[in-house]
Amino acid sequence: MPLGARAMTPADAEIISIDPADGSIVGTVEATPLSAIDAVVARAWEAFRTSPWRAMLPQRKAQVMQEIARRIAAEADRLATLQMRDSGKPLAECRAMVDSAAGSFRYYAGVVETMETEVHPARGAYVAMTVVEPFGVVACITPWNSPIMNEASKVAPALAAGNAVILKPSEDTPLLAPELARICLEAGLPEGQLQVVQGRGETVGAALVAHPGVRMISFTGGTQTGRAIGKVAGERLATVALELGGKSPHIVFADADLDLAVAAVAAGIFGSAGQSCVAGSRLFAEESVYRQVVDAVAARARAVRVRHPADPQVEVGPLCSFHHRDKVAAHVARGLAQGGTVLAGGAIPTGADYDAGAYYLPTVIEGLGPDALLCQEEIFGPVLVALPFADEADLIAKADGTAFGLACGIWSESFRRAWRIGRTLEAGSVWINTYKQSHISSPFGGFKASGIGREKGIDGLRLYGQVKSIFLGLSDQPMSIAR
Ligand code: NDP
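Following UniProt numbering from start to finish, the sequence shown increments by one per residue and tops out at 483.
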């Protein structure tokens, strides 16, 4: 397999998982032929209609989901190691993602057991109530950056809502989804309730999105793909939830605790090698402290321990694949053609520790205008652009001046100002004097081109259902035609 190639055999019959730390083959899975998609969808409907899952009592359903969580936790070490090799992320981070996957099932076990539906005050001789029905068959399409965590955060609520789920992982990280499906089955989820299909997004993924039997699509990935999916779903009026990209501003005011702010700015962009939708990829520092903050972040970038993901000292591992690393390098080169100064990184590292892997150095760039390519486009790598701001109005115009609106970070000792800026900026998540906090009970999603819908939280289960109003007549009088 030449470095940089997509991880599929020429006939697209097999998907090969390549360890981006050294280029070795981790495993292969069979690709789902396009001709099999109809049968997969039919099997999902069959499971939805005939398996006991949909009508299962909530306390019993919760037991199965708790058991899935327990089994994920019991296999955590093995799953984390597999994910590390599949995606290149540091082992400790993969371990945290496996814990998060178990947590999603545990959380939605609690939600499904305690969820209430509503009875509305009567406005006539009837009882009016609301129930939430599953869609039937839901497709969950996930990216390569956080496989088991993203997969569980979709599959757990979609199953809890009573759906049959078809999961399509990225062809770059195909190994965790089948493990999740196996664990679900072993824990007591009925056959066919969760199926995994494997293959390219433009073929297998697109076939699922276009299939009239798929009633709802939950997608996480790039904005361009999200648009394409939204277009097809819109045409056939299928429901979509889209969790897309970002170009999140990380803002440092002069009155902030600058040591804490600098550490968080570095963690916010270099964590996960920048392959995070909420990466704080644009640093805005107030003019009076701009030089001090940017120099400190650049020094931190140069000191980052770029290592093999299994090294206990690793801070940044390789990128997820060779072709993605090359895309990041090309993106930076294209952006720098518009100007800008590289203060740290800006290159593929060389030497015995790096030559076999898909590494890219933590990078800090300044001297570009807010409309430059590198300040507008999502790079999805460890690349930070730094910009000064003069005052709040200047900051808001620049920070909101991209197509995205996923998240932002604000560092200031003035809670009034942080609150004001946080309420004003167009972002789905706002972190004040912290960054990248996320958990299953807080809703997550984007403004503008960063997405549609909110995942997680109690309402995350309702995302996978449709509200139905039921009226139960109480009158024993014949209805009159003219009311
Ligand atoms: P994509 O958006 O292309 O992929 C995400 C998932 O969608 C994968 O499973 C992919 O399959 C699938 N897919 C691709 N095209 C289609 C389609 N037409 N219909 C249905 N499914 C499809 O992300 P990439 O992996 O190509 O990354 C591109 C960029 O997206 C990144 O550089 C980054 O900017 C952003 N991104 C954002 C993420 C986020 O968390 N918001 C996560 C990942 C990427 P397959 O991979 O098998 O082709």
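Each residue gets a CB set at the ideal place from its N, CA and C atoms; glycine is no exception.
Remember, predicted model here, so these are calculated numbers, not experimental data.
Among Asp255, Val165, Gly357, the one whose alpha carbon lies nearest that of Val138 = Val165
request  = Buried or exposed for Val252, please, with buried defined as at least 16 other CB atoms from any protein chain shown within 10 angstroms of its CB.
outcome  = buried
request  = Could you tell me which of Ala399, Val64, Pro90 sits nearest to Arg106, measuring between CA atoms?
outcome  = Val64
DSSP-derived helix/strand/coil call for His331 = helix
key: When Arg200, Ala256, Lys154, Ala101 are compared against Glu243, the one with the closest alpha-carbon   = Lys154
key: Reduced DSSP secondary structure (H/G/I, E/B, other) of Leu91   = helix
Cβ-based burial, Phe471 [other Cβ within 10 Å; buried from 16] = exposed
request  = Determine the extent of the beta strand (DSSP E) in which Lys468 is found, giving its start and end residues.
outcome  = 465-473
key: Per-residue burial, residue 487 [other beta carbons within 10 Å of its own, 16 or more giving buried]   = A query on residue 487 cannot be resolved here, the shown segment of the chain reaching from 1 to 483 and no further.
request  = May I have the straight-line CA-CA distance separating Leu57 from Gly460, to the nearest angstrom?
outcome  = 20 Å
query = Can you tell me whether Asp38 is buried or exposed, with buried defined as 16 or more other CB within 10 angstroms of its CB?
reply = exposed
query = Leu185: which of Thr350, Thr142, Trp53, Gly335 sits nearest, CA to CA?
reply = Trp53
query = How would you label Pro147, buried or exposed, when you count the other beta carbons within 10 angstroms and need 16 or more for buried?
reply = buried
query = At a cut of 8 Å, does the segment 31-51 reach the segment 203-210 through at least three beta carbon pairs?
reply = yes
request  = Report the three-state DSSP secondary structure of Ala482 (helix, strand or coil).
outcome  = coil
message = Could you pull the DSSP bridge partners for His439 from this structure?
response = According to DSSP, His439 bridges with nothing at all.
task = Taking Pro249 as the reference, give the member of Arg43, Gly401, Glu413, Ile440 with the closest Cα.
result = Gly401
ask   = Below 8 Å, can you find three or more Cβ-Cβ pairs linking the segment 14-33 to the segment 315-335?
value = yes
request  = Tell me whether Ala5 sits in a helix, a strand or coil according to DSSP, three-state version.
outcome  = In this prediction, Ala5 has a pLDDT of 38, which is less than 50 and means its spatial position is unreliable; nothing more can be read from the coordinates.
ask   = Regarding Ile68 and the ligand NDP, is the C-beta to nearest heavy atom distance less than 8 Å?
value = no
request  = Flag Val293 as yes when its Cβ comes closer than 8 Å to any non-hydrogen atom of the ligand NDP, and as no otherwise.
outcome  = no
query = Quick one: what's got a C-beta closer than 6 Å to Ser276's C-beta in the same chain, skipping five residues either side?
reply = none
inquiry  = I need the straight-line Cα distance from Gly245 to Gly405, nearest angstrom please.
reply    = 9 Å
request  = Taking only heavy atoms of the ligand NDP into account, decide whether any of them is closer than 8 Å to the Cβ of Leu474.
outcome  = no
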